[in-house]
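Each protein sequence line maps, in turn, to chains A and B. First residue of the first sequence? That's 811 in my numbering, and the numbers climb one at a time after it. First residue of the second sequence? That's 176 in my numbering, and the numbers climb one at a time after it. All remarks here apply to the structure that follows.
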Amino acid sequence: MLRVEGLTVDYRAGGGTVHALRDVSLSINEGEIVGIVGESGSGKSTLALAVSRLLRSPPAIQREGSIAFRGSDISQMKPSQIDRVRGTGIFMVFQDPFLSLNPLMKVKDQIAEVIAVRMKRSSTPFDRSSAEGEVVAHLKTVRIGDAEDIAERYPHQISGGQIQRVMLAMALAARPQLLVADEPTTALDVTTQAQILAVFKEIVEKTKMGVLYVTHDLAVAGVICDRMAVLYGGMVQEAGPTDKILFDPKHPYTEGLMNSIPSKTKNEGPLTAIKGSFNPEGLEKICSFAPRCPMAREECRRGVPAQTPVDGRTVRCINYGENYES
Amino acid sequence: MSRRRQALLEVQEVTKRFSIGRRSLWDRVARKRQRYVRAVGGANFAVGAGETLVVLGESGSGKTTLGRLIVGLEKADSGRIVLSGAEVLPVREHRTQRGRLQMVFQDPGSSLDPFMKVMDVVGEPLTRSDVSGGARIEKVVQAIDSVGLDRSVLDRRASELSGGQKQRVSVARAIVSSPEVIVLDEPTSSIDVSIQAQVLNMLVGLQQRNHYAYVLITHDPNVASFMADNIAVMYLGKIVEQGTAAKVLHQPKHPYTQALLSSTPRLHERSIPEAIKGEPPSLINLPPGCPYAPRCPYAMKVCGEREPGTYEIEGLSVSCYLYDEDVMNEPGAAV
């Protein structure tokens, strides 16, 4: 359904260029949740925005690659074409719940608006009262207890967890084929996060929509995703089925990220941290993780390691064969 | 908790509430009552030198207010905070305790002046002390060394540093005055996991060398398990359970602690964590009785009527009627 090939995006600002995404390829099938895991600066949000065609250009420039959604390249579409894909084709849920709804509209009117758009696109007459019934039904599906009451409220009158639910209800109303979610639970408490994750999984099973799920949290990705791609320095370093990556990580960065999550007490010795911090400079022609990698050797700086198939996933690391990008 | 040793910091029955909205003259005439938010209700604990107490809770639980009360940035409505036998007073009222209690704030991006040189940011706590000139510079350099930063950062501005470096600068500023107690408010929540591990290791190293008492505020059970000697779990302003880290994390007694821990996604677990129903009620109109009762799967009639006391059970202090023998022995108590 979605196929991203060789996507390369730069940001140009103040005379300098930042390579936000480099040669990123991934695909999402119907009913599948694909996780994009990365830390700040990894390019994960740029990827989510590019797929939703929400990148601001300038400063962003797509240098190479394609984003095929149902066979047509989103990145080449005219504004009028992309407008018809938004909402009912691709729907995006953002990180900050308080910025995602219109503060001056009641919850029910915002969801009804989405239903109206869907009806119009499928050339079905829109009926206000049946739409209101549908709004309440969607709010119930995302487990909002007093759905009728919440429908009558304005966004500032409900909590962040409720807003993320309303966004998911809106997604149900739009019936998109692809849902792009950028850190949808990061701003929420863990008890609320657990509820939202359960709703996510449920509606994906029900509607068979594909999901691109962006998160910095490996544990969350492990819980919700079927497959995942680990991003570092704008490149996919390791990608494959969640079980493979979670239980047997091959890339030193994936492994380092897992070891960084505290799993012992201070009396058992220090945590295995990844040394240094991410610095985007000088990474064009080497493995982007080499400056921080505990296993780095001279060969890591000979070129950019190519994606190499290893045990059911792909890894960009020369420990699994000295293959470089040409 | 560790009352065997002479505790360095003691928090005794501390409460704090904030008034909300202003009462107009008409409201006064109409005898309309001022409304309050309870931030902290009856907190009790002790922390010894070289020990870490973790305050674990979600947003709105009052954990940050508790931290601010400890260092004297807020004044408690009732109760006492005692540092080596002497009561801690609000910062403005008491100058001799200056520098003995320090706080590291959650977001170093907003707690550090972006235009100040790191040298001045870190040295600022010493301005009112008798340390000056060369001795002051020496202390700042020492602090920068011990948080693992390169001395070259001293001439840079806070805004030029990365998130992890900023948080190290905040820690350096906290330790420059040789404090006894440091309150760390979510010290790693704004930085990446790979950097978090470095910062946590650094904090543990500092504590082992200098025997600081830490009060570490966090929402993350993983951070708590690495850092804590003891843990206090807060929900809506109340400490609902406290005890040693191992007991609280592995044999929690309070239904809220159990729910909090089971909702946290764990690496290498593929199933969706178990969720508790509902969301925390508004702090403004707290229900009477136990604050957790509306969401608690074990709630009994009494839970919605009056607040439970604190019960000692298997080494834990738990604020829950499930451990009140009188309530549990009443016929028909269990629901």
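Glycine is no exception: its CB is placed at the ideal position from the N, C-alpha and C atoms. Keep in mind it's a predicted model, so treat the numbers as computed, not measured.
Restricting to Cα atoms, I'd like to know which of the options is closest to residue i.
{"i": "Ala997 of chain A", "options": "A:Leu988, A:Ile973, A:Glu1015 and A:His1061", "result": "A:Ile973"}
{"i": "Ile1084 of chain A", "options": "A:Thr1001, A:Glu1108, A:Phe1099 and A:Gly1050", "result": "A:Phe1099"}
{"i": "Gln417 of chain B", "options": "B:Ala218, B:Pro300 and B:Pro362", "result": "B:Ala218"}
{"i": "Pro986 of chain A", "options": "A:Asp992, A:Glu993 and A:Leu978", "result": "A:Leu978"}
{"i": "Thr995 of chain A", "options": "A:Ala983, A:Pro965 and A:Phe1010", "result": "A:Phe1010"}
{"i": "Met377 of chain B", "options": "B:Val322, B:Phe280 and B:Ser234", "result": "B:Val322"}
{"i": "Gln373 of chain B", "options": "A:Ser855, A:Thr1082 and A:Met929", "result": "A:Thr1082"}
{"i": "Cys471 of chain B", "options": "B:Pro463, B:Leu183, B:Leu461 and B:Lys452", "result": "B:Lys452"}
{"i": "Ser862 of chain A", "options": "A:Gly1122, A:Arg975 and A:Pro889", "result": "A:Pro889"}
{"i": "Pro869 of chain A", "options": "A:Val844, A:Gly1113 and A:Arg822", "result": "A:Arg822"}
{"i": "Pro1119 of chain A", "options": "A:Asn1129, A:Arg894, A:Gly1113 and A:Ser940", "result": "A:Asn1129"}
{"i": "Leu228 of chain B", "options": "B:Leu458, B:Lys476, B:Pro455 and B:Ala399", "result": "B:Ala399"}
{"i": "Tyr486 of chain B", "options": "B:Asp360, B:Ala450 and B:Tyr498", "result": "B:Tyr498"}
{"i": "Lys930 of chain A", "options": "A:Pro1090, A:Ala984 and A:Ser885", "result": "A:Ala984"}
{"i": "Pro283 of chain B", "options": "B:Val222, B:Gly235, B:Gly247 and B:Ser345", "result": "B:Ser345"}
{"i": "Thr419 of chain B", "options": "B:Val493, B:Ala468 and B:Ile459", "result": "B:Val493"}
{"i": "Gly338 of chain B", "options": "A:Leu812, A:Glu962 and A:Gly1086", "result": "A:Gly1086"}
{"i": "Leu831 of chain A", "options": "A:Val1125, A:His948, A:Gly1131 and A:Leu1093", "result": "A:Leu1093"}
What is the C-beta distance between residue i and residue j, in whole angstroms, given that I count them as a contact (C-beta under 8 Å)?
{"i": "Ala981 of chain A", "j": "Phe901 of chain A", "result": "5 Å"}
{"i": "Val358 of chain B", "j": "Met278 of chain B", "result": "4 Å"}
{"i": "Gly875 of chain A", "j": "Thr818 of chain A", "result": "5 Å"}
{"i": "Leu442 of chain B", "j": "Ile1071 of chain A", "result": "6 Å"}
{"i": "Lys1060 of chain A", "j": "Arg1123 of chain A", "result": "7 Å"}
{"i": "Gly412 of chain B", "j": "Val215 of chain B", "result": "5 Å"}
{"i": "Pro1115 of chain A", "j": "Asn1089 of chain A", "result": "Wrong, their Cβ atoms sit about 19 Å apart, outside the cutoff."}
{"i": "Leu184 of chain B", "j": "Leu258 of chain B", "result": "6 Å"}
{"i": "Ala1029 of chain A", "j": "Ile447 of chain B", "result": "The pair is not a contact, with the Cβ atoms about 12 Å apart (cut-off 8 Å)."}
Since residue i is in the alpha helix (DSSP H), which residue starts that stretch and which ends it?
{"i": "Ile370 of chain B", "result": "Val368 to Asn385"}
{"i": "Phe1057 of chain A", "result": "Thr1052 to Phe1057"}
{"i": "Phe879 of chain A", "result": "No alpha helix (DSSP H) contains Phe879 of chain A, which is instead part of the beta strand (DSSP E) from Ala870 to Phe879."}
{"i": "Gln891 of chain A", "result": "Pro889 to Val895"}
{"i": "Pro1090 of chain A", "result": "Pro1090 of chain A -> no alpha helix (DSSP H), and no H or E assigned at all."}
{"i": "Gly308 of chain B", "result": "Gly308 to Ser321"}
{"i": "Ala941 of chain A", "result": "Arg938 to Thr951"}
{"i": "Phe401 of chain B", "result": "Pro396 to Met402"}
{"i": "Gln342 of chain B", "result": "Gly338 to Ile350"}
Output the distance between the C-alpha atoms of residue i and residue j, rounded to the nearest integer angstrom.
{"i": "Arg275 of chain B", "j": "Glu226 of chain B", "result": "16 Å"}
{"i": "Gly943 of chain A", "j": "Asp937 of chain A", "result": "10 Å"}
{"i": "Leu989 of chain A", "j": "Tyr496 of chain B", "result": "45 Å"}
{"i": "Ser867 of chain A", "j": "Ser910 of chain A", "result": "21 Å"}
{"i": "Ile1006 of chain A", "j": "Gly970 of chain A", "result": "11 Å"}
{"i": "Lys1076 of chain A", "j": "Leu424 of chain B", "result": "15 Å"}
{"i": "Ser177 of chain B", "j": "Gly490 of chain B", "result": "Any reading at Ser177 of chain B needs caution, since the residue's pLDDT is 44, under 50, leaving its predicted position unreliable; the model's value is listed next. Distance between the alpha carbons of Ser177 of chain B and Gly490 of chain B: 11 Å."}
{"i": "Cys1097 of chain A", "j": "Phe879 of chain A", "result": "30 Å"}
{"i": "Val952 of chain A", "j": "Ile968 of chain A", "result": "15 Å"}
{"i": "Gln920 of chain A", "j": "Gly955 of chain A", "result": "19 Å"}
{"i": "Val1024 of chain A", "j": "Val847 of chain A", "result": "6 Å"}
{"i": "Ser253 of chain B", "j": "Lys191 of chain B", "result": "7 Å"}
{"i": "Asp395 of chain B", "j": "Ser437 of chain B", "result": "12 Å"}
{"i": "Arg179 of chain B", "j": "Gly260 of chain B", "result": "Any reading at Arg179 of chain B needs caution, since the residue's pLDDT is 48, under 50, leaving its predicted position unreliable; the model's value is listed next. Looking at the two C-alpha atoms, the distance is approximately 15 Å."}
{"i": "Arg210 of chain B", "j": "Pro456 of chain B", "result": "16 Å"}
{"i": "Cys1110 of chain A", "j": "Asn839 of chain A", "result": "34 Å"}
{"i": "Leu231 of chain B", "j": "Ser835 of chain A", "result": "40 Å"}
{"i": "Ser234 of chain B", "j": "Thr439 of chain B", "result": "15 Å"}
{"i": "Glu1091 of chain A", "j": "Asp288 of chain B", "result": "27 Å"}
{"i": "Ser940 of chain A", "j": "Tyr389 of chain B", "result": "58 Å"}
{"i": "Gly484 of chain B", "j": "Phe193 of chain B", "result": "23 Å"}
I'd like the span of the beta strand (DSSP E) that includes residue i, first residue to last.
{"i": "Glu188 of chain B", "result": "Leu184 to Ile195"}
{"i": "Leu424 of chain B", "result": "First-last for Leu424 of chain B: Ala420 to His425, but that is the alpha helix (DSSP H), not the beta strand (DSSP E)."}
{"i": "Leu1028 of chain A", "result": "Run containing Leu1028 of chain A: none in the beta strand (DSSP E); it sits in the alpha helix (DSSP H), Leu1028 to Ile1034."}
{"i": "Gly1066 of chain A", "result": "Taken as a continuous stretch (DSSP letters only), Gly1066 of chain A belongs to no beta strand (DSSP E), being part of the alpha helix (DSSP H) at Pro1062 to Ser1070."}
{"i": "Gln1117 of chain A", "result": "Where Gln1117 of chain A is concerned, there is no enclosing beta strand (DSSP E), given that its DSSP letter is neither H nor E."}
{"i": "Glu1015 of chain A", "result": "Premise fails: Glu1015 of chain A lies in the alpha helix (DSSP H), Val1000 to Thr1017, not in any beta strand (DSSP E)."}
{"i": "Ala981 of chain A", "result": "Taken as a continuous stretch (DSSP letters only), Ala981 of chain A belongs to no beta strand (DSSP E), being part of the alpha helix (DSSP H) at Gly970 to Ala984."}
{"i": "Tyr1023 of chain A", "result": "Gly1020 to Thr1025"}
{"i": "Val847 of chain A", "result": "Ile843 to Val847"}
Under 7 Å from any heavy atom of the ligand ZN, does the C-beta of residue i make it?
{"i": "Glu993 of chain A", "result": "No copy of the ligand ZN appears in this structure; indeed no ligand is present at all."}
Stretch pair the stretch 230-250 of chain B + the stretch 407-414 of chain B: three plus CB contacts closer than 8 Å: yes
Three or more C-beta pairs below 8 Å linking the stretch 1027-1038 of chain A and the stretch 466-480 of chain B: no
Segment contact, 8 Å Cβ cut-off, at least three pairs: the stretch 312-326 of chain B with the stretch 349-368 of chain B: yes
Cβ pair count under 8 Å reaching 3, the stretch 1092-1108 of chain A against the stretch 380-396 of chain B: no
Segment contact, 8 Å Cβ cut-off, at least three pairs: the stretch 844-859 of chain A with the stretch 914-927 of chain A: no
Cβ pair count under 8 Å reaching 3, the stretch 927-935 of chain A against the stretch 1012-1022 of chain A: no
Segment contact, 8 Å Cβ cut-off, at least three pairs: the stretch 364-373 of chain B with the stretch 326-334 of chain B: no
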